[in-house]
Every structure is written in structure tokens, then in C-alpha cells.
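Engineer: Residue numbering for the sequence shown follows my numbering, starting at 254 and increasing by one per position.
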Amino acid sequence: MKNILFAASECAPYAKSGGLGDIISSLPKALNDKKHRVTVMLPLYEQIKESEVFNAMVEVAEYNTTVVWRNKQMRLFKYVKDGITYLFVDNKYYFGRDNLYGYFDDAERFIYFSNAIMDYLNETDEVYDVLHCHDWQMGSLVASAKILKPQPFKIVYTIHNIHYQGWFNTDDYDNLIELDRIHFDGFLFNGQMNLMKAAIFHADVVTTVSETYANEILSPFFGEGLENLLYSRYDDLYGVRNGLDTQSYDPNRDRSITARYRTSRKSKMRNKLALQHEYGFEVSEDIPMYGLVTRLIEQKGIDLIMRIFEEFMDTHPEAQFVMVGNGEEQYEDYFRMLESKYPDRVRATIGFSEDLARKIYASSDFFLMPSLFEPCGLGQLIAIRYLTLPIVRETGGLRDTVTPFNEFDMSGNGFSFANYNAHDFLNVLNYSYDVFYDDAAMKALFVNMKSSKLGWDTSADQYIKIYE
254 MKNILFAASE CAPYAKSGGL GDIISSLPKA LNDKKHRVTV MLPLYEQIKE SEVFNAMVEV
314 AEYNTTVVWR NKQMRLFKYV KDGITYLFVD NKYYFGRDNL YGYFDDAERF IYFSNAIMDY
374 LNETDEVYDV LHCHDWQMGS LVASAKILKP QPFKIVYTIH NIHYQGWFNT DDYDNLIELD
434 RIHFDGFLFN GQMNLMKAAI FHADVVTTVS ETYANEILSP FFGEGLENLL YSRYDDLYGV
494 RNGLDTQSYD PNRDRSITAR YRTSRKSKMR NKLALQHEYG FEVSEDIPMY GLVTRLIEQK
554 GIDLIMRIFE EFMDTHPEAQ FVMVGNGEEQ YEDYFRMLES KYPDRVRATI GFSEDLARKI
614 YASSDFFLMP SLFEPCGLGQ LIAIRYLTLP IVRETGGLRD TVTPFNEFDM SGNGFSFANY
674 NAHDFLNVLN YSYDVFYDDA AMKALFVNMK SSKLGWDTSA DQYIKIYE
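1) Let me know the beta strand (DSSP E) ranges lying completely inside the stretch 580 to 611, each 3 residues or longer, listed in chain order.
2) On the three-state DSSP scale, how would you describe H387?
3) Is F668 helix, strand or coil when you go by DSSP?
4) Taking V599 as the reference, which of S517, E531 and V320 has the closest Cα?
5) Under 8 Å, with one C-beta from each stretch per pair, do the stretch 688 to 708 and the stretch 640 to 656 reach the 3-pair mark?
6) How about R548 and G580: do their beta carbons lie closer than 7 Å?
7) Please state the DSSP three-state secondary structure of D507.
8) For A261, which residues from the same chain have a beta carbon less than 8 Å from its beta carbon, with the 5 sequence-adjacent residues on both sides left out?
9) Going along the chain, which residues of its own chain have a beta-carbon closer than 6 Å to the beta-carbon of L482, five neighbours each way excluded?
10) Please look up how many angstroms separate the CB atoms of A360 and F442, rounded, as I've assumed it's under 8 Å.
11) Determine which residues share a DSSP beta bridge with I301 and list them.
12) With the cut-off set at 7 Å, would you say V311 and K331 are in Cβ contact?
13) What are the residues that DSSP puts in a beta bridge with C264?
14) Can you grab the Cα-Cα spacing for the pair F574 / T568, in whole Å?
15) When you compare only the Cα positions, how much space is there between F366 and T377?
16) By alpha-carbon positions, which one of K325, T499 and I337 ends up nearest to D372?
17) Roughly how many angstroms lie between the CA atoms of R638 and K703, to the nearest whole one?
18) Could you name the residues of the same chain whose beta carbon sits closer than 7 Å to that of G336, not counting the 5 residues immediately before and after it, in chain order?
19) Cα-Cα, which of L432, V395, Y466 and I435 is closest to H413?
20) Which partner residues does P226 have in the DSSP bridge list?
21) Measure the C-alpha to C-alpha separation of L384 and F474 and round it to an integer number of angstroms.
22) Measure from the C-beta of L631 to each C-beta in chain C and report whether the shortest distance is under 7 Å.
23) Please classify N324: does DSSP put it in a helix, a strand, or coil?
24) Residue range of the alpha helix (DSSP H) that G632 falls in?
25) Would you kindly check if the distance between the Cβ of L297 and the Cβ of F363 is under 7 Å?
26) Counting along the chain, where does the alpha helix (DSSP H) carrying R652 start and finish?
27) Whole angstroms is fine: what's the gap from L448's alpha carbon to A527's?
28) Whether or not the stretch 656 to 670 and the stretch 488 to 498 are in contact is what I'm after, with contact meaning three or more pairs of Cβ atoms, one per stretch, closer than 8 Å; do they touch?
29) Is Y690 buried or exposed, if buried means 16 or more other CB atoms sit within 10 Å of its CB?
30) With DSSP as the reference, label E564 as helix, strand or coil.
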């Protein structure tokens, strides 16, 4: 049995901005199911303090945590649920804000959080075997723990998305990092301080969230400048595919959807009929519905959708499209335009609603993920769990989890295309439309989705081997 400390900037359901929050929620549960002890350390954001969970927490310690010359009080709160211990670092100055990220002092905020974890590790009687840190926000913690050695644990660092590296001015090293200047080179990258670089440089093992992405980030396009450093750590770099919390995402128990179901396509269809009625669409099981739940940013392949989707809708006058998401203004405006052009077939909800997202997963026949890059992706896993066929580009975890339909042997659990090309995407959309009206093919695809392995069991075993 290992005693593992997770350090991360978010965790569902307490605070979440994306897939990282889902993983920090579900992977500890999977490890706990395999009889390992897991503690998760998180910032105590204002939204958590305003929730019912805060009332169930117990204050267990208080420290004066420094960031070089700044001396800020830190209160540590403990909460235990489902066998996982959660430790929340409370400081109103750094975390008493409306959002998780996006502030001018984000470097200082998360270096403070890292220093608070170091204070805890120096003071606690708990002895950990593994410190598992996640994304750029924990970069200074990886370096400090490796150099100062508060405990004799090993350090695992996971890259969830190499695009976000934690770039800051070199002056911030002296202003924020409590390490001797001799260690500055471990943080320096292209004339700036880079917290992800510091983590990759100092960790005992580096992992990322799918096997394909682990190979992709060794190349210049996907490596975002860090490919040479990663290649130098080649023997210590592992790709472990993210799993899905199949209890949280369970169409048979999901209270957000109209009709709960397990494996029946007929029961699933009731959700589509209800959404069609709600949106004023033509109500029919025989009309294919395409869904999209995403952040509206370049990474998600929105440019491909903008290039060809009107052509697809014009040549398939029955097709329906529903989406929810927000992001860059140009993309939001496009989907507003699409809704106004096809008011009886398109509904675009700009913003985000977890309940609506789940309705779209349950109601759609097809789910779009034409990503430029995708370290792992959870959308395609949720779609398969809800028996909705994913249409993806073959990159990162999308390639590892979606097997394209083969009409000759009826294998596959979705549709895919290889090149980041709008008309390759259009071709697979057209193909999916034709397959929708092939009862034998759809029946086979449903069987294949049902047998897809989506959970954490295999991936948790891989992490345990890495910890060993």
C-alpha cells in the first residue's frame, strides 16, 4: 500500500474549470479502491467556502507561510469523503476571488500554495511515499520538494496540457521563489521563468494523459518548445490514458437527463425527442442530431466547424445541431449566427451548464470533437458512456480511445479523420449521416460502445506501477 499526496489547483466537485478537475476527482478514488491511501491538497477558493462542504470541514493547522519577504497566514482545513482525505489551504488574499485563474498575480498565488504544501510536509507526522503534482501551477512545488527534500518521497509530475506552461518574468524568480540562485537555470526557459519546465526538470517521473500525447509532445508542433527537454527525460516519460468516473457519468442514474437508460437505444431516444420538443425542432427518432459541448477555443477545432458546417447543414436539410459552450468572441458569434440561420434545426447556448451538457450527451446521436490537439479528452469518453457516437480527429487521447467504424467487420466505437483539414472532417460527417440510416451498422456501433473500457481500472494500475 502506498501513501500518496496529490497536489493540484482544482478538483471536482469543489472547484473545476476543465478536465483537470475531473481527473483529480476520479483518479484518487480509483487508487483508493485498490487499497492505496490518497490525500488531495487544494486551494480553498471562495466558491468552496460558500458551499455546504465548507461547513463539514475541520481546521487542523495554522502556519505562517512566506513568499520570499511576504508573510501570509495559512489555515489548513480537512474534509474526508469516500475514503479520500482533502486538505484545503485557506488564505483570503490569494484565494478569496470569484475565479480560479486569470489574475495578474497567478504566479504568486500558486507559488504561495506550493509553499504552504511545503510547510505542511515539514510539519506533519504523515509520511508519504509519493508526491503527485499536476500542471504548471505545481511547478515550483516539484522543484522545491526535489531540492529541499521535506520527506523521502518520489515525485511524479503530470502534464495535462502542455500549451499552458506558466510563463513569467525572470525577475519573479528572485521575487517569488525561495530557492538559492544556483537553481535558477532549472526554471529558466527562452529568457523567461517557466514553471512547467521547472517541474519537468526536477520530477523523478513525468507522465501525461495518453500514450499518443506522450509521443506527440516529443515533436516541435505539439511540444510547444519543451520537446527537447522532454526528449532528455525520455526514459522517465510515460503516457497513461485518463479514465472516466463512470459512477458520476452514468445515464442510468443521471438526474439531469429526461429519461434514464442503461443500454437501450429506444430509451435513449426519449431524451432526443424531449430535447427536440423543448427546442421547437421537428420531433422524430429518424432525424440525426449532432452535439457539441466544448470551450470555444482554437484547440477544439472550431475553425474546421466554421469552414464546412453550413455546407453540411445545407446538403442535409434534416440534420439537427445542439451545442453549449463559451470562449473566444469570434467563435461565440459564429454559433449565434448559425442558430439564426437555421432556427428550426440549430440551438446554440453560449455559456456553460452542466445539466444542459449532460442532456446533449444523452440526446445526441453524434458528438463532435475535431480537435487540433487533445491531450486526452473527456468529452469522447462521456459520449461513449451515454451511447453517443464520437466524431474525432486522430490526435492525442482521441486516437487512443475512439476506434473508427469499419463497415466490413462492423468494428469501431465512433468515427475519425486524420488530417487537420476541413473537408476531411466534412467527409466523415457525411459518412456518419449515411451510417445513421443503416440499422445494422448502428446496432453494431451500439454494441461496440457498450463494451468500450472507459473507467480507471487499467490506468490506475499503470500509475501504481509507476509509483512502485
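Think of the CB as a built atom: it goes at the ideal place given N, C-alpha and C, for glycine as much as any other residue.
Structural biologist: If we stick to the structure as given:
1) Fully enclosed beta strand (DSSP E) runs of 3 or longer: 599 to 603.
2) Reduced to three states, the DSSP call for H387 is strand.
3) Reduced to three states, the DSSP call for F668 is strand.
4) Residue E531 is the option with its Cα nearest to V599.
5) The stretch 640 to 656 and the stretch 688 to 708 touch, with three or more beta-carbon pairs separated by less than 8 Å.
6) For the 7 Å CB-CB criterion, R548 and G580 form a contact.
7) Reduced to three states, the DSSP call for D507 is coil.
8) Take A261, set aside five residues on each side of it, and the residues of its chain with a beta-carbon closer than 8 Å to its own are L273, I277, V293, M294, L295, C386, H387, D388, Q390 and M391, in chain order.
9) If we look at L482 and ignore the five residues flanking it on each side, its Cβ neighbours are I453.
10) About 14 Å; that fails the 8 Å criterion.
11) According to DSSP, which records beta bridges pairwise, I301 is partnered with nothing at all.
12) Contact check for V311 against K331 passes: the beta carbons are separated by less than 7 Å.
13) In the DSSP output, where bridge partners are listed per residue, C264 has A268.
14) Rounded to the nearest angstrom, the two C-alpha atoms are 14 Å apart.
15) Linking F366 to T377 through their CA atoms gives a straight-line distance of about 16 Å.
16) Answer by Cα proximity: K325.
17) Rounded to whole angstroms, R638 to K703 spans 7 Å at the Cα level.
18) The residues N285, in chain order, have a CB closer than 7 Å to that of G336 in the same chain once the five nearest residues on each side in sequence are set aside.
19) Comparing Cα-Cα distances from H413 to each of L432, V395, Y466 and I435, the minimum goes to Y466.
20) Because the chain in this structure spans residues 254 to 721, residue 226 falls outside the shown range and cannot be described.
21) Spanning the two alpha carbons is a distance of roughly 30 Å.
22) Looking for chain C here will not work: only one protein chain is present.
23) Strand at N324.
24) Counting along the chain, the alpha helix (DSSP H) containing G632 begins and ends at G632 to R638.
25) Going by C-beta atoms, F363 is not nearer than 7 Å to L297.
26) Segment G649 to T654, the alpha helix (DSSP H) holding R652.
27) Each residue's alpha carbon lies about 47 Å from the other.
28) No, the stretch 488 to 498 does not touch the stretch 656 to 670.
29) Exposed, by the Cβ-count rule.
30) In the three-state reduction of the DSSP assignment, E564 falls in the helix class.
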